[in-house]
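The opening residue of the sequence shown carries number 51 in the working numbering; numbering runs sequentially from there.
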Amino acid sequence: MTQVVLETGAVLAWLRQEPGAEHVEARLPGALLSSVSFAAVLATIADRGGNVRAASVDLEAYGLVVQPFTAEHAELCAVWHPYAATHGLSLEDRACLALGKTLGATVLTVVPAWATLPLGVSVHVLP
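1) With residue 106 as the anchor, note down where its alpha helix (DSSP H) starts and where it stops.
2) Considering only the beta carbon of each residue, do residue 102 and residue 92 sit closer than 7 Å?
3) How far does the alpha helix (DSSP H) with residue 152 in it reach, from first residue to last?
4) For residue 112, which residues in the same chain have their Cβ closer than 6 Å to its Cβ, ignoring the five residues on either side in sequence?
5) Please state whether DSSP places residue 116 in a helix, a strand or coil.
6) Just the C-alpha distance for residue 145 and residue 84, rounded to the nearest angstrom, thanks.
7) Between residue 178 and residue 142, is the Cβ-Cβ spacing less than 7 Å?
8) Residue 176 and residue 152 look like a contact to me (Cβ under 8 Å); what is the Cβ gap, rounded to whole Å?
9) Judging by CA-CA distance, which residue of 52, 67 and 76 is the nearest neighbour of residue 59?
10) Assuming residue 159 is part of the beta strand (DSSP E), what are its boundary residues?
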């Protein structure tokens, strides 16, 4: 089975039990998350008054594997910087896509526009 990288919105959809949550849950054991995306997920939890440490432990208990942001990822993020203006890709978004590209993994996202990005990254949009 192909490795899966989860985008921040996909993790939040699962946490909130929004549409597509069941697809995320099915892929959680062993799914990868960029440390940049992990920080964004935890920041969202903190913003809503949640317990960040408990959420961190819970996410890892479900089998989510946090991957470090590397120099190779940073280089891809820099090369893809023009997509920040043209496609609204934040640094967090580009970090997620860079992780997917470097590992040859499929990125699972809630953002339909990612499926058309010409970055050479396999993207699956949640229904």
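For each residue, glycine too, the CB sits at the ideal point set by N, CA and C.
Well, looking at it:
1) 102 to 111
2) The answer is yes: Cβ separation under 7 Å.
3) 141 to 153
4) Once the five neighbours on either side are set aside, the close Cβ partners of residue 112 are 78.
5) DSSP places residue 116 in the strand class (E or B) of the three-state scheme.
6) 7 Å
7) Since the displayed the chain opens at 51 and closes at 177, residue 178 lies outside it and no answer follows.
8) That pair is no contact at about 22 Å.
9) 67
10) 156 to 159
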